[in-house]
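Yeah, the sequence shown ends on 151 if you go by the working numbering, and it's all consecutive.
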Amino acid sequence: MPTVDSTITVSAPIDRVYDLCKDIEAFPEFMDDVREVKILEQTEGRQVSRWVGEVKEFKRTIQWTEEDFWNQAERRCDFKLIEGDLSAYEGYWTFTETPDGGTEVFLSITYEYDVPLIGALIQGLLKKKMQANSDSMLAAIKQKAEG
């Protein structure tokens with residue numbers, strides 16, 4: 005399965021960045037490709053959420069439900085697909101304090117999108133889109149945290 009990784013350094017304290025990322029229902033307010041996020045279940049350190057995203061290049065809306073495990077002590081979130089348009093979707097976020105008091109955010113996503121008769125060219129375009137989406141998500145978090 006393809007994996008995409010993204011990293012960004014944010015000039016904001018780690019607690020602010022971590023809390024911003026935990027507030028997933030606010031993502032549509034500052035992320036262009038995210039139309040809706042709704043938390044369906046929430047307990048200490050665990051969330052189940054339904055997402056609606058837009059893939060403008062393919063003129064498609066995709067939906068999925070994921071389970072997130074937030075570890076405050078390790079400043080980490082692991083997530084995995086429960087159901088949705090993707091065949092597989094899992095990964096993790098890590099948050100590391102930088103020497104100057106900022107935060108390095110790392111996002112890794114492993115995914116699979118099975119479409120009958122999809123060719124290698126389309127798979128390549130999809131990987132580029134997933135990478136661009138991950139980079140865009142981190143850039144939006146940086147802008148929100150620093151603003």
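Where is the CB? At the ideal position from N, CA and C, for every residue including glycine.
Residue i, buried or exposed, once every other Cβ within 10 Å from all chains shown has been counted against 16
{"i": "residue 148", "result": "buried"}
{"i": "residue 72", "result": "buried"}
{"i": "residue 91", "result": "exposed"}
{"i": "residue 75", "result": "exposed"}
For residue i: DSSP bridge partner residues
{"i": "residue 43", "result": "53"}
{"i": "residue 83", "result": "72 and 95"}
{"i": "residue 7", "result": "114"}
{"i": "residue 66", "result": "57"}
{"i": "residue 107", "result": "14 and 101"}
Contacting residues, own chain, Cβ-Cβ under 7 Å from residue i (five flanking each side not counted)
{"i": "residue 133", "result": "59 and 61"}
{"i": "residue 94", "result": "83, 84, 85 and 114"}
Sequence-distant residues of its chain with Cβ nearer than 8 Å to residue i (five each side left out)
{"i": "residue 25", "result": "81, 97, 99, 109 and 145"}
Expected contact under 8 Å - CB spacing of residue i and residue j to nearest Å
{"i": "residue 107", "j": "residue 18", "result": "5 Å"}
{"i": "residue 16", "j": "residue 150", "result": "6 Å"}
{"i": "residue 38", "j": "residue 44", "result": "Wrong, their Cβ atoms sit about 16 Å apart, outside the cutoff."}
Cβ-based neighbour list, residue i, same chain, cut-off 6 Å, excluding 5 preceding and 5 following
{"i": "residue 7", "result": "114"}
Residue i at chain D interface by Cβ criterion, 7 Å
{"i": "residue 93", "result": "The displayed structure is made up of one protein chain only, and chain D is not part of it."}
* **Whole alpha helix (DSSP H) elements within the stretch 12-36, 4-residue minimum** => 18-26 and 31-34
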